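K.L.:
In this text, residue positions in the sequence shown follow numbering that gives the first Met the number 0: the first is 0, and each later residue adds one.
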Amino acid sequence: MKISVITVCYNSVATLQDTLESVLRQTCPDVEYIVVDGASKDGTRELIEKYAPKFSGRMKWISEPDQGIYDAMNKGIRMATGDVIGFLNSDDYYYDSNVVQDIVAAFEKNPEADAIHGNLNYINAQGKIVRTWIGSPYKQGSFQRGWMAAHPTFYCRHECFKRYGSFDLTISSAADFELMLRFIEKHHISTYYINRFFICMRTGGSSTSGIRAILRNGSQNKVAFRKN
């Protein structure tokens, strides 16, 4: 099974190296790594160029202007050739070196599953865990009760993106929520939860930066429900 891991970035030189290194450390042999840079000006592009040879032909990358994070993610999806697609943000990194291999094993053990998801840690600037997101199995109607998978841990079969579409750019900060709502609740893809940590996620990003972000995301989630 081939896994396409997509990292989108813009002016991320301060954190991207940790992301790149964590992908290099993965024990899974069949990882296609895709980096979509939004024409960074801070040395991010040069860092990507430096690391590309270390992936021995397994990395694809572009650097060009985009319409934001979800437009960049959609570009990555179009570039992907793997059986399964997942996203690793440019300020995040894998919990350990066996994460992707364990995801592959879960798909092989549960061939009916369209998507796999798990747990993540929120970390501060010092690398200390400040909060955890412990997932749970999906049940019909869970989204209406406040459930969602942690999107950085959401690994989904490529075929689902072909059938049901990619990120909706009209739903700004909640496009990841809307995509999972559409895939899982509306189109009833099959999901499987692994009770293990996948990701260490730095706080302070577009979806974790305080009460304004929470209120904005809540408003956008309502839009997602109306659309689906």
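Where a beta carbon is used, it is the ideal one built from N, C-alpha and C, also for glycine.
The model shown is predicted, which means the values in this text are computed figures rather than measured ones.
State buried or exposed for V129, treating a residue as buried only when at least 16 other CB atoms are found within 10 Å of its CB.
P.N.:
Stepping through the sequence shown from its first residue, residue 129 is reached at position 130. Exposed, since its Cβ has fewer than 16 Cβ neighbours within 10 Å.
K.L.:
What are the start and end residues of each continuous beta strand (DSSP E) run of 3 or more residues lying completely inside the region 2–77, in chain order?
P.N.:
Fully enclosed beta strand (DSSP E) runs of 3 or longer: 2–8, 30–36 and 58–62.
K.L.:
Quick check: the Cα distance between M200 and N97, rounded to an integer number of angstroms?
P.N.:
Locating residue 200 in the sequence shown gives position 201, counting from the first residue. Locating residue 97 in the sequence shown gives position 98, counting from the first residue. Approximately 17 Å between the Cα atoms of the pair.
K.L.:
Under the rule that 16 or more other beta-carbon atoms within 10 Å means buried, what is R162, buried or exposed?
P.N.:
Taking the first residue of the sequence shown as 1, we reach residue 162 at position 163. With fewer than 16 Cβ atoms within 10 Å of its Cβ, R162 is classed as exposed.
K.L.:
So, using beta-carbon positions, are Q16 and Y93 closer together than 8 Å?
P.N.:
Residue numbering aside, residue 16 sits at position 17 when the sequence shown is read from its first letter. Residue numbering aside, residue 93 sits at position 94 when the sequence shown is read from its first letter. No, the pair does not count as a contact, with Cβ atoms beyond the cut-off.
K.L.:
Answer yes or no: do S30 and L87 have a C-beta to C-beta separation smaller than 8 Å?
P.N.:
Working through the sequence shown from its first residue, we reach residue 30 at position 31. Working through the sequence shown from its first residue, we reach residue 87 at position 88. The residue you asked about is not Ser; residue 30 is Val in the sequence shown. Not in contact: V30 and L87 (Cβ atoms no closer than 8 Å).
K.L.:
From H116 to S39, what does the alpha carbon distance come to, in whole angstroms?
P.N.:
For this step, residue 116 is matched to residue 117 along the sequence shown. For this step, residue 39 is matched to residue 40 along the sequence shown. Rounded to whole angstroms, H116 to S39 spans 30 Å at the Cα level.
K.L.:
For N10, collect the residues of the same chain with a Cβ closer than 7 Å to its Cβ; drop the 5 residues on either side in sequence, then sort them by chain order.
P.N.:
Your numbering for residue 10 matches position 11 in the sequence shown. Excluding residues within five positions, the ones whose Cβ falls inside 7 Å are S39, K40, D41 and T43.
K.L.:
Do three or more CB pairs link the region 182–195 to the region 132–145 at distances below 8 Å?
P.N.:
Segments in contact, yes.
K.L.:
Verify whether the separation of the beta carbon atoms of K1 and D113 is less than 8 Å.
P.N.:
The residue you call residue 1 lines up with position 2 of the sequence shown. The residue you call residue 113 lines up with position 114 of the sequence shown. No, the pair does not count as a contact, with Cβ atoms beyond the cut-off.
K.L.:
Should A71 and V7 be called a contact, given that it needs their Cβ atoms to be closer than 8 Å?
P.N.:
Stepping through the sequence shown from its first residue, residue 71 is reached at position 72. Stepping through the sequence shown from its first residue, residue 7 is reached at position 8. Yes; because the gap between Cβ atoms is below 8 Å, this pair is in contact.
K.L.:
With DSSP as the reference, label I133 as helix, strand or coil.
P.N.:
Position 134 of the sequence shown, counting from 1, holds the residue named residue 133. DSSP places I133 in coil when its eight states are reduced to three.
K.L.:
According to DSSP, simplified to helix, strand and coil, what is F180?
P.N.:
Here residue 180 refers to the residue found at position 181 when the sequence shown is read from its first residue. Strictly speaking, residue 180 in this sequence is Leu, with Phe absent from that position. Here L180 sits in helix by DSSP.
K.L.:
Report, in whole angstroms, the separation of the C-beta atoms of T152 and I198, which I expect to be a contact under 8 Å.
P.N.:
Reading the sequence shown from its first residue, position 153 is the one you call residue 152. Reading the sequence shown from its first residue, position 199 is the one you call residue 198. Yes, they are in contact, since the Cβ atoms of T152 and I198 sit about 6 Å apart, within 8 Å.
K.L.:
If you compare alpha carbons, which of C159, E158, H157 and Y137 is closest to A149?
P.N.:
Your numbering for residue 149 matches position 150 in the sequence shown. Considering only alpha carbons, the answer is Y137.
K.L.:
Would you please state the rounded distance, in angstroms, between the beta carbons of I193 and A105? I believe it to be under 8 Å.
P.N.:
As a working mapping, residue 193 is identified with position 194 in the sequence shown. As a working mapping, residue 105 is identified with position 106 in the sequence shown. Contact holds; Cβ gap of about 5 Å.
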